[in-house]
Structure formats: structure tokens, C-alpha cells
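Below you'll find the structure, written out as C-alpha cells, and then a few comments.
In my numbering, the protein residues as written are 1 to 449.
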């Protein structure tokens with residue numbers, strides 16, 4: 001193929017990218033397109049982790065246009081279904097700003113704890129995501145205000161579904177999302193009422209700190225009054241505490257240390273007739289890390305960082321399966337087959353990450369990033385085995401790798417952002433190669449005013 005044809009193909013692909021939603025500014029797709037955790041980046045989507053940021057983002061309307069649920073690298077069998085859509089509004093100029101900044105978020109699915117979407121990654125690892133799913137968000141309202149060099153933010157949100165049937169002498173009640181995680185059952189489809197607050201302040205002219213605590217009460221009930229059969233939560237508390245500092249070491253160099261602690265109480269209780277059984281289940285985790293953010297040239301960005309993190313599952317019910325790994329090495333009689341384990345511990349010691357965002361011109365932005373579990377272990381204790389065998393403990397050490405690419409286009413005051421299919425640089429989309437596929441598996445948009 002001649003250079004002219006290659007150039008023509010690239011131009012066609014660029015025009016194709018312009019014709020589709022793809023941003024040079026802040027959105028969840030920007031963060032996820034660089035394979036970063038939002039805590040290590042200044043971005044408007046931080047308002048969900050650090051509500052005190054709300055008074056700093058100005059007025060805007062944003063739309064999460066959806067994430068495709070098909071494999072983006074596979075040929076489509078039809079129109080791909082999308083989910084995790086939302087629209088939000090941030091208003092900083094109501095009553096001339098005297099009563100602070102107000103925001104409302106309307107979501108198809110309840111966002112993960114401390115995130116702006118339901119399918120992102122709230123913490124590193126296979127066990128670092130919010131396990132609960134609820135597609136019945138009632139409201140999500142935020143308020144923030146600046147007080148000199150300090151800022152305060154508050155948040156309240158609710159997700160609720162209830163169905164009740166009554167016939168003489170029998171009441172059937174369902175208080176959970178019936179469209180939840182299926183095989184995981186009612187326990188991970190809980191209703192939610194959440195309260196959160198954040199405080200940010202200037203430590204000195206070159207250093208700012210932010211703290212946030214988000215608490216949610218998560219409950220579920222699936223019951224029949226006669227004969228008595230009631231499945232319900234036995235512990236509703238879920239919370240995340242986040243802290244970070246933004247230190248401007250040099251005018252073009254910012255260092256951001258981060259600390260997070262999160263806990264999901266997933267305990268449950270079963271009442272059948274006069275028999276009551278309780279099950280202690282929980283997912284907890286923490287992380288400590290730091291990123292170094294360099295501004296390159298006018299406004300390009302390079303992020304390099306490291307984090308040490310741990311996720312720990314303790315369960316008496318099968319909510320989380322142990323991972324499946326190939327076996328067959330010396331001294332290994334079988335694979336790491338998954339199944340019920342009373343305790344699963346996942347550790348990154350550490351995970352490293354890096355990302356680049358470059359503004360090709362005044363309307364096109366390209367970005368890519370990756371993370372690597374340099375020393376990553378998963379240990380499953382009390383793993384179920386064949387009848388008659390004692391519980392098994394298995395530990396696997398590996399180095400998982402994840403990479404994404406993204407692109408953005410600014411169209412006047414409208415900013416559009418997308419995560420790109422991994423194969424896009426090789427095919428340049430359908431117009432560039434004739435190969436079908438979902439080339440933009442996640443798309444978001446922002447209008448600032």
C-alpha cells in the first residue's frame with residue numbers, strides 16, 4: 001500500500017472519529033481511558049470521591065452515553081446493548097452563587113461507592129470493585145460551597161425498589177433490585193441510602209488537602225409471612241474514607257499522595273420457620289499510593305505513580321468465588337479452580353501505573369495508559385474441596401497488566417470523550433479497514449457554561 005493510500009486512510013479514520021462521540025477535558029471516560037484511578041488525577045469526576053471538589057468545577061452538564069456490554073474486540077452480532085448511562089447537572093451560579101453549588105445526577109444504574117459510574121474501577125484488583133448492583137436510583141444530590149481557602153461538600157443519594165403482594169394471611173415482600181447480579185443473589189442487590197461529606201483546604205500556597213467520608217446503609221429483604229421464610233441483611237454499613245494531598249513541587253510538577261479505606265458489610269440472616277441462621281460476610285480494603293503529574297509543553301499531561309493495596313473477603317456464604325488459575329506445576333496436583341473460600345486476600349505490593357495525555361491540536365486529544373501489578377498475590381483459605389478432604393489453602397503470585405487507549409474531540413463548548421477499542425490503532429475503524437466492531441465501547445460528554 002502506498003504512503004498516499006495510508007495517509008488517505010488515516011484522514012478518513014480521523015474524520016470518522018470526529019463524526020462519533022469521542023475529550024480534551026474532564027470525564028470518567030478520560031480517566032478510564034488512561035487506565036487511572038481518579039484519585040490520582042484532577043478531574044471533575046472527583047466530586048463523587050471528594051465532594052468538596054464540587055465548588056471548584058464551575059457549571060456544566062454531563063452525560064454518560066453508555067458502555068457497551070458486548071466484547072469490544074468481537075464482531076457485533078447486532079446493535080450492541082448499552083448500559084450505565086446517566087445525565088448530571090452542576091450549577092454554580094444559582095442565586096449568584098450565594099447558596100453554594102448544587103448538583104444532581106440521574107443514573108440508569110447506581111454508581112459504585114465513590115465513583116461517577118457503575119462499571120468503573122473504584123480500587124485496584126479483582127476484588128476492588130463495589131459488589132452491589134441496583135438499577136433503581138431514586139436521587140443523587142450534592143451541595144458544595146467555598147469558605148475562603150477551604151471548601152465543603154455534602155452528598156445524599158438513594159436507590160430503592162419494593163414490591164409487596166398480599167392475600168388473606170400471607171404477605172410477600174421484596175425490597176431489593178430484582179435485576180441484580182443473578183447468581184450472586186439478593187445480598188448483592190441491596191437498596192441504598194447514602195450520606196457523604198468532604199472537606200478541602202489550602203495548607204499553604206502550593207499545597208491543598210482533601211478528606212472525604214461516604215457512608216451508605218444497604219439493606220435487602222425477600223420474605224413470605226406464612227410459612228415464615230425471610231432472607232434479609234444482617235449488617236447494612238458500607239463506607240469509604242478517602243484522603244489526598246496535591247503538592248505543587250514545581251510549577252509544572254504536582255505530587256499527589258492518596259490514602260483510602262473501604263468496607264462493605266455483606267452479612268445476612270435467614271429465618272425459616274423457627275430456625276434462624278446468620279452469616280458473616282464482608283469485603284474490606286485499603287490502599288496507599290502517590291502519583292507524579294507533569295505538565296508537558298503547554299497542556300499535555302504525564303502521570304506516573306505507584307500504589308500498595310489490599311482487598312480482603314471474609315465470607316460464610318458464596319458471594320465471591322476464588323479465582324481460577326492454571327495449575328500443573330511441580331507439587332501442584334490441580335488448578336486453582338475457584339469456589340467457596342472462607343477468606344480471600346488480594347495484595348498489590350506494589351502496583352505501578354503510567355499514562356500520557358497529549359493535545360494533538362486545539363480539538364483533538366489522544367491518551368493511553370497502563371497499570372502493572374509488579375508483585376500481586378491472591379490467597380484463598382478454607383477453599384472447599386471434594387467430600388472427605390480437608391479445606392484447602394492456595395496462593396498464586398502473578399503480575400497482571402491492563403492498558404487502555406482513549407481519544408477526545410472538542411466541538412465548541414461541547415466536549416466528547418471515548419475509550420477506544422484496543423484494535424482501533426491497527427484498523428482505523430470500519431472506514432479504515434472494513435472490519436466491523438464496537439470501536440468506542442464507552443462514551444461521555446460535557447457541556448460547560
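Even glycine gets a Cβ: it sits at the ideal position worked out from N, Cα and C. Note that this is a predicted model, so its numbers are computed, not measured.
- request: Using the Cα positions of residue 412 and residue 190, report the straight-line distance between them to the nearest angstrom.
  value: Inter-residue distance for residue 412 and residue 190 is about 41 angstroms (C-alpha atoms, whole angstroms).
message: Please list the terminal residues of the continuous alpha helix (DSSP H) segment that includes residue 363.
response: Where residue 363 is concerned, there is no enclosing alpha helix (DSSP H), given that its DSSP letter is neither H nor E.
message: Looking only at its chain, what residues have a beta carbon closer than 8 angstroms to the beta carbon of residue 508, apart from the 5 residues adjacent to it on each side?
response: Because residue 508 is not part of the residues shown, which for the chain are 1 to 449, the question remains open.
- prompt: Under three-state DSSP, which class holds residue 430?
  reply: helix
query: Are there three or more Cβ pairs, one per stretch, closer than 8 angstroms when the region 257 to 266 is compared with the region 223 to 238?
result: yes
- prompt: Ordered along the chain, which non-local residues of its own chain (more than five positions away) have a Cβ less than 7 angstroms from that of residue 179?
  reply: 135
Rounded C-alpha distance that separates residue 230 from residue 319: 18 angstroms
- request: Quick one: using the 10 Å Cβ neighbour count with 16 as the cut-off for buried, is residue 368 buried or exposed?
  value: The C-beta of residue 368 has 16 or more other C-beta atoms within 10 Å across all chains shown, which makes the residue buried.
query: Of the choices 114, 176, 170, whose alpha-carbon is the least far from that of residue 45?
result: The option with the nearest alpha carbon to residue 45 is 114.
The region 89 to 102 touching the region 50 to 58, judged by at least three CB pairs closer than 8 angstroms: Yes: the two stretches touch, three or more of their Cβ pairs being nearer than 8 angstroms.
- prompt: Whose C-alpha, out of 438, 281, 48, 165, is nearest the C-alpha of residue 144?
  reply: 48
field: Rounded C-alpha distance that separates residue 68 from residue 204
entry: 44 angstroms
message: With a threshold of 6 angstroms on Cβ separation, who are the neighbours of residue 107 within its own chain once the five nearest residues in sequence on each side are excluded?
response: 86, 137
- request: Just tell me which of 148, 254, 434, 418 has its CA closest to the CA of residue 446.
  value: When the alpha-carbon of residue 446 is set against those of 148, 254, 434, 418, the nearest one is in 418.
field: Cutoff 6 angstroms; reference residue 255; Cβ partners in own chain excluding five residues on either side
entry: Answer for residue 255: 247, 249, 292, listed in chain order.
message: Going by DSSP, what residue range makes up the beta strand (DSSP E) through residue 258?
response: 253 to 265
Cross-strand partners of residue 300 (DSSP beta bridge): 296
- prompt: Are the CB atoms of residue 294 and residue 283 nearer to each other than 7 angstroms?
  reply: Between residue 294 and residue 283, the C-beta gap is not smaller than 7 angstroms, which leaves the two residues out of contact.
field: Coil, strand or helix - residue 96 by DSSP
entry: helix
- prompt: Where does residue 412 fall in DSSP's three states?
  reply: coil
Nonlocal neighbours in the same chain, by C-beta distance under 7 angstroms from residue 94, ignoring five residues either side: If we look at residue 94 and ignore the five residues flanking it on each side, its Cβ neighbours are 102.
- request: Return helix, strand or coil for residue 17, following the three-state DSSP convention.
  value: Legend: pLDDT at residue 17 = 41, less than 50; position of this residue unreliable, no value from coordinates given.
Residue 125 vs residue 105 beta-carbon contact at 7 angstroms: no
- prompt: Hey, quick one: how far does the alpha helix (DSSP H) through residue 33 stretch, first residue to last?
  reply: Element bounds for residue 33: 28 to 33.
message: Looking at residue 155: is its Cβ nearer than 7 angstroms to the Cβ of residue 196?
response: Yes, they are a contact pair.
task: May I ask you to report which of helix, strand or coil DSSP gives residue 55?
output: helix
- request: Excluding the 5 residues preceding and the 5 following residue 112 in the sequence, name in chain order all residues of the same chain whose CB lies nearer than 7 angstroms to its CB.
  value: 118, 120, 122, 129, 130
message: Need the endpoints of the beta strand (DSSP E) that residue 101 sits in, please.
response: 101 to 107
message: Counting C-beta neighbours from all protein chains within 10 Å, is the total for residue 353 16 or more, i.e. buried, or is it exposed?
response: buried
task: Can you have a look at residue 220 and say buried or exposed, based on whether 16 or more other CB atoms are within 10 angstroms of its CB?
output: Buried, since its Cβ has 16 or more Cβ neighbours within 10 Å.
field: In DSSP terms, what residue 348 is bridged to
entry: 309, 376
message: Taking the alpha-carbon of residue 348 as reference, which of 309, 323, 378 has the nearest alpha-carbon?
response: For the options 309, 323, 378, the alpha carbon positioned closest to that of residue 348 is the one of 309.
Reference residue 132, options 218, 150, 38, closest by Cα: 218
- prompt: Would you call residue 278 buried or exposed, if buried means 16 or more other Cβ atoms sit within 10 Å of its Cβ?
  reply: By the 10 Å Cβ count, residue 278 comes out exposed.
query: Do residue 304 and residue 259 come within 7 angstroms of each other at the CB atom, strictly closer than that value?
result: no
- prompt: Which residue's Cα is closest to the Cα of residue 39: 140, 50, 342?
  reply: Answer by Cα proximity: 50.
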